[in-house]
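Below you'll find the structure, written out as structure tokens, and then a few comments.
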Amino acid sequence: MVGRNEQKAHVSDAHNLKFELQGRALEGRHRSGDSMSSKENCRNELRTAIRQLSDRCLYSASKWAAEQLVGIEQDPAKFTPSNTRFQRGSSSIRRRFHTNEGCSTPITGLSYVSTPVMEEDEVVDGDFYLLAKSYFDCREYNRAAHVLREQNGKKSVFLRLYALYLAGEKRKEEEVVELEGSLGKSDAVNQELVSLERELSTLRKNGTADPFELYLYGLVLKQKGSENLARTVLVESVNSYPWNWSAWSELQSLCTTIDILNSLNLNNHWMKDFFLASAYQELRMHNESLAKYENLQATFSFSNYIQAQIAKAQYSLREFDQVEAIFEELLRNDPYRVEDMDMYSNVLYAKECFSALSYLAHRVFMTDKYRPESCCIIGNYYSLKGQHEKSVVYFRRALKLNKNYLSAWTLMGHEFVEMKNIPAAIDAYRRAVDINSCDYRAWYGLGQAYEMMGMPFYALHYFKKAVFLQPNDSRVWIAMAQCYESEQLRMLEEAIKCYRRAANCNDREAIALHQLAKLHSELGQSKEAAFYYKKDLERMEAEEREGPNMVEALLFLATYYKAQKKFDEAEVYCTRLLDYTGPEKETAKDLLRGMRLAQSSFPSMDVELFPP
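Throughout the sequence shown, residue numbering follows the UniProt record's numbering, covering 1 to 612 in sequence.
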């Protein structure tokens, strides 16, 4: 009887628990309702945008939008094997960065501003538009423009103007190859820019330019050097049609300072957060960029683009282990991905992961060997093998495919430095800074090249530019310090300042502490020298490193503490030196003898007490 009563009590408790859980589940559904409705809005907007962008042959923007569409977390009620297949495997990355997957605010807490969907002219000029689009897809740009010369529909007008722009770009590239070779510098210009500017300017003044025509107008103005007006026009474009990532990218390239970025009058649409995250990254505000991307992950939980951008930010912060983990996950989810993989190869190169870099090079070679990224990865592979001439061949191939591919110029400069071909290295680095004056690696490379030529004043000039762009990279501070130490300058106080900055910037090579100790010793500042020798010794012990630096630190500290009459501490360091077999062992014995003699309470000790 008792047992049955207990059983009934358990059943009653179970019923109560069941009702309580059902109530919590209903509350959870209500709480997540806003979040799911926000995600559904994003999803619907992107689906429409993908079609509109593809219709106008803006394929890069269309691809970007499609990737974000698939990156939005699906409503659990609609989960099926088919719509979750692409989203498997990203959870570990999200856990690693502690993203808030259950965020109920519509993306980063901004008020959701819905942008009216553009009306499409499906019937107007339909047949001519379809023919022109076919020509455009076959890269017959002039033919496409000619077909649409008398068509007035908005899609047809944009496609005609865009086809003329690309025809001019194609001809410009052909002129460069004909006159200077594929890697040559040239003053060739797009001959269509003048007529395009005239027509697009008229459309804007009349108030009839649509967001896509404004985007093209901004592109033309940027090429002509009218950057302020280009920014204004591009802001108009993204405010009226925010889903064109190509327009945001062009606008970002014109935001070279934080003041310019803050001055933009942008609508609060969720695309603005993607733009700001990317802009912060280019402006080297990496922590702010990471915060934006991690907020965006609340909705775009499975976006490979966001994962790659997080990896870029971590790469700039030199968190190589985290970058490697993200790229490994990206390749598991998207095994034929080539985009951004050259950065992964840089990480593997820096960590000297030969087998992983070999595997990656083979993988991209089999996927698409004629992509600039693939060529850079293979170039890094040969560089790590020490085959620098072969490495240069692949970096040149990358530049033949895209002569403005920044990484290839910089990496080729590094290879020329390894080959001691300094003039070629300087030329490569200069081409890199011509493309992007914010590339600190190219400025750093120029500094290295001039330092190798024995020109420390020039080297310092370039190192200062590099350190302004990347103030948290210990290598640049160390390079500056070595310039100040050079025979021509001998500015040791300035060198000490640089080494201090390097020591505070996670000096992985462990150079700064040792050099600080040596310089203070050289300047007769024994107390400061002892401080840095002690810190360097602690670091070597923690990393279990032996070598001449440890012997030097032990000898200095033993001598210093003996001079300070701190015999117990001095004896500790001397005793450690007795484990070595070189001249430092005899020096330690002499120091111990001196200390015994100096202590009146101890009798003189015979050398025989110290075993050989």
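All C-beta atoms, glycine included, are put in the ideal place defined by N, C-alpha and C. Quantities reported herein were computed from a predicted structural model and do not represent experimental measurements.
Comparing alpha carbon positions, the residue from Phe-567, Glu-294, Leu-516 and Gly-582 closest to Pro-548 is Gly-582. Around the beta carbon of Leu-523, fewer than 16 other beta carbons lie within 10 angstroms, which makes this residue exposed. Nearest to Glu-150 by C-alpha distance, out of Leu-46, Asp-127, Ala-598 and Asp-590, is Asp-127.
The distance from the Cβ of Leu-592 to that of Glu-569 is about 13 Å, inconsistent with a contact at the 8 Å cut-off.
DSSP places Val-433 within a helical segment (H, G or I) once states are collapsed to three. Under the DSSP assignment, Met-285 falls outside any alpha helix (DSSP H); it carries neither an H nor an E label. Counting only unbroken stretches of 4 or more residues, the alpha helix (DSSP H) elements lying wholly within the region 282-348 are 286-296, 304-316 and 320-333, in sequence order. For Glu-389, the enclosing alpha helix (DSSP H) stretches over residues 388-401. Burial state of Arg-231 is buried, judged by a 10 Å Cβ sphere holding 16 or more other Cβ atoms. Using a 10 angstroms sphere on the CB of Asn-244, the tally of other CB atoms reaches 16 or more, which defines it as buried. Each residue's CA atom was taken as its position, placing Tyr-381 and Asn-206 some 55 Å apart.
The alpha carbon of Phe-300 has as its nearest neighbour, out of Glu-485, Phe-320, Ile-377 and Leu-69, the alpha carbon of Leu-69.
Where Val-467 is concerned, the enclosing alpha helix (DSSP H) starts and stops at 456-469. DSSP places Tyr-359 within a helical segment (H, G or I) once states are collapsed to three.
Close CB contacts of Asp-334 within its chain, under the 7 Å cut and outside five residues either way in sequence, are with Asn-304 (chain order).
Here DSSP, grouped into helix, strand and coil, assigns Tyr-217 to helix. Residues Val-338, Val-364, Phe-365 and Asp-368 of the same chain have their beta carbon placed closer than 7 Å to that of Ser-374, with the five preceding and five following residues left out of the count. Annotated three-state conformation of Lys-565 is coil, per DSSP. Lys-133 and Gly-168 have their C-alpha atoms roughly 18 Å apart. If you ignore the 5 residues before and after Arg-539, its C-beta comes within less than 7 Å of the C-beta of Ala-510 and Leu-513, all in its own chain and listed in chain order.
If you check the CB distance, Ser-156 and Tyr-135 do not come in under 8 Å. Scanning its chain for C-beta atoms nearer than 6 Å, with the 5 sequence neighbours on each side dropped, one finds around Trp-64 the residues Trp-245, in chain order. One thing to note: Ala-598 has its Cβ no nearer than 8 Å to the Cβ of Leu-557. Minimum Cα-Cα distance from Gln-314 among the listed residues Ala-563, Gln-482, Leu-58 and His-286 corresponds to His-286. Lys-385 has its alpha-carbon roughly 36 Å from the corresponding atom of Ala-277. Going by beta carbons, Gln-515 and Tyr-533 fall outside the 8 Å limit.
In the three-state scheme derived from DSSP, where H, G and I count as helix and E and B as strand, Ile-377 is classed as helix. Under the Cβ criterion (8 Å, minimum of three pairs), the region 454-461 counts as touching the region 479-486. Contact check for Phe-463 against Gly-445 fails: the beta carbons are separated by 8 Å or more.
For Tyr-241, the CB contacts under 6 Å within the same chain, skipping 5 residues up- and downstream, are Pro-211 in chain order. Residue ranges of uninterrupted alpha helix (DSSP H) with 4 or more members, entirely inside the region 179-266 and ordered along the chain, are 193-205, 211-223, 227-240, 245-253 and 258-263. One alpha carbon belongs to Glu-352, the other to Glu-45, and they sit about 44 Å apart. In the displayed model, Cys-42 falls within a helix according to three-state DSSP. Residue burial annotation: Glu-174 is exposed, with fewer than 16 other C-beta atoms found within 10 angstroms of its C-beta. Assigned with DSSP and collapsed to three states, Leu-276 falls in helix.
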